[in-house]
Ligand code: AMP
Ligand code: MG
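In the numbering used here, the protein residues as written are 148 to 488.
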């Protein structure tokens, strides 16, 4: 199969491929998604094949407006409408009770479903034209860093999917926040573009699931099966160093071997490039700009797979605001191998 590379003018063609049961790479504000008709079990099955994704890891259904929730969900609590009003379209996924029409393959057999209304206008236009809910996980091979450009996604999916629509680099850069509204108090399953603080301002108390901040031990049952998998990882092992930026930079400078890869804040680039001319160094963005860091985190992790590095060291922001999502992705990429300085 040849993967067609479409532009934002080709939304109609992308919608037709979805309606015909094909797979399309779709730009969203978070990361590129691998979409299919969410009501077509066979098409959804192809997503799992293309990604090499375990069958027990459920997908998110994407809709063009909040009113579609009623088509696919039941027992919708009032707070779901409050959240939708405040943060949709945008980088937030709500876990709700599903209606029976949603195929089991989408939800991995759970009686709940993840629902999201993306902010990227091209994405919403494709879904609206296809007139079906679009099931989509991130468009990477399972386990690899999520794609934040069409080029990243082609690295993983060329020849495995019908088409990809290039909508430019993703403006958020980390996946959607996932909030489970089927329990009381609501539970944060994955931090993302909508922050914990923003959720709390609407919901009051929010419990942060333990899988967000630490490694699940053998035998522990995660709330969603997908939370147990190794994630976002480049091929070389990653060590995360947290703490005040000047201190974490100094720690890495004194512990990394000359050939080790480094992910650092912009301010410390000269330190690492001066130290070793052959060292691959990826900049995350200014220490004080977490939005910029979120846009670069997956690209930084992915770039190391084009190098020969055998170890990667990463500076990490504090976990307030979108910092919680950045630290979560870095910590997962590192298998929670974290040094606090
Ligand atoms: P991805 O977009 O590739 O990160 O995959 C979708 C994420 O949504 C996975 O981490 C799933 O575990 C999560 N998810 C999807 N549906 C549900 C659900 N019903 N309950 C909990 N988590 C879900
Ligand atoms: Mg993913």
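The beta carbon of each residue, even a glycine, is placed where N, CA and C say it ideally should be. Note that the coordinates shown come from a computational prediction; the quantities given were computed from them, not determined experimentally.
(request) Look up residue 455 in the DSSP assignment and say whether it is helix, strand or coil. (result) Counting from one through the chain shown, the residue named residue 455 turns up at place 308. Residue 455: coil per DSSP, three-state reduction.
(request) Answer yes or no: do residue 216 and residue 223 have a C-beta to C-beta separation smaller than 7 angstroms? (result) Counting from one through the chain shown, the residue named residue 216 turns up at place 69. Counting from one through the chain shown, the residue named residue 223 turns up at place 76. Closer than 7 angstroms, so yes.
(message) Is residue 284 near the ligand MG - that is, is its Cβ less than 6 angstroms away from at least one heavy atom of it?
(response) Counting from 1 along the chain shown, the entry for residue 284 is found at position 137. Yes, the Cβ of residue 284 comes within 6 angstroms of a heavy atom of the ligand MG.
(request) Please classify residue 221: does DSSP put it in a helix, a strand, or coil? (result) In the chain shown, the residue the question calls residue 221 occupies position 74. Strand, per DSSP.
(request) Determine, using beta carbons only, whether residue 318 and residue 176 come nearer to each other than 7 angstroms. (result) For the purposes of this step, residue 318 is taken as the residue at position 171 of the chain shown. For the purposes of this step, residue 176 is taken as the residue at position 29 of the chain shown. A Cβ-Cβ contact shorter than 7 angstroms links residue 318 with residue 176.
(request) Could you tell me whether any non-hydrogen atom of the ligand AMP is closer than 6 angstroms to the CB of residue 242? (result) Taking the chain shown and counting its residues from 1, one reaches residue 242 at position 95. Yes, the Cβ of residue 242 comes within 6 angstroms of a heavy atom of the ligand AMP.
(message) Is the beta carbon of residue 150 closer than 7 angstroms to that of residue 306?
(response) Residue 306 sits at position 159 when you count from the first residue of the chain shown. Residue 150 sits at position 3 when you count from the first residue of the chain shown. It is a contact, given that the beta carbons lie within the stated cut-off.
(request) Confirm the yes/no value for this check: CB of residue 473, any heavy atom of the ligand AMP, distance under 6 angstroms. (result) Residue numbering aside, residue 473 sits at position 326 when the chain shown is read from its first letter. The beta carbon of residue 473 sits no closer than 6 angstroms to any heavy atom of the ligand AMP.
(request) State the CB to CB distance for the pair residue 162 and residue 273, rounded to an integer number of angstroms; the pair is presumed to be in contact (CB under 8 angstroms). (result) Position 15 of the chain shown, counting from 1, holds the residue named residue 162. Position 126 of the chain shown, counting from 1, holds the residue named residue 273. 5 angstroms between Cβ atoms; contact.
(request) Please list, in chain order, all residues of the same chain as residue 341 whose beta carbon is under 7 angstroms from its beta carbon, the five residues on each side excluded. (result) Residue mapping note: residue 341 aligns to position 194 of the chain shown, counting from 1. Excluding sequence neighbours, residue 341 sits near 234, 237, 238, 239 and 324.
(message) My output table needs one value for residue 253: the three-state DSSP class, helix, strand or coil.
(response) Taking the first residue of the chain shown as position 1, residue 253 is located at position 106. In the structure shown, residue 253 falls within a helical segment according to DSSP collapsed to helix, strand and coil.
(request) Starting from residue 337, follow its DSSP beta bridges and name the residues at the other end. (result) Within the chain shown, the letter at position 190 stands for residue 337. The partner list for residue 337 (beta bridge, DSSP) reads 325.
(message) residue 173 and residue 241 - do their beta-carbons sit closer together than 7 angstroms?
(response) Counting from one through the chain shown, the residue named residue 241 turns up at place 94. Counting from one through the chain shown, the residue named residue 173 turns up at place 26. It is not a contact, given that the beta carbons lie outside the stated cut-off.
(request) Take residue 416 and list the residues in its own chain whose beta-carbon comes closer than 7 angstroms to its own, dropping the five residues that flank it on each side. (result) Walking along the chain shown from the start, residue 416 turns up at place 269. Excluding residues up to 5 positions away in sequence, 428 and 430 lie with their Cβ nearer than 7 angstroms to the Cβ of residue 416 in the same chain.
(message) For a cutoff of 7 angstroms on Cβ pairs, would you count residue 327 as touching chain B?
(response) This model lacks chain B altogether, as it is built from one protein chain only.
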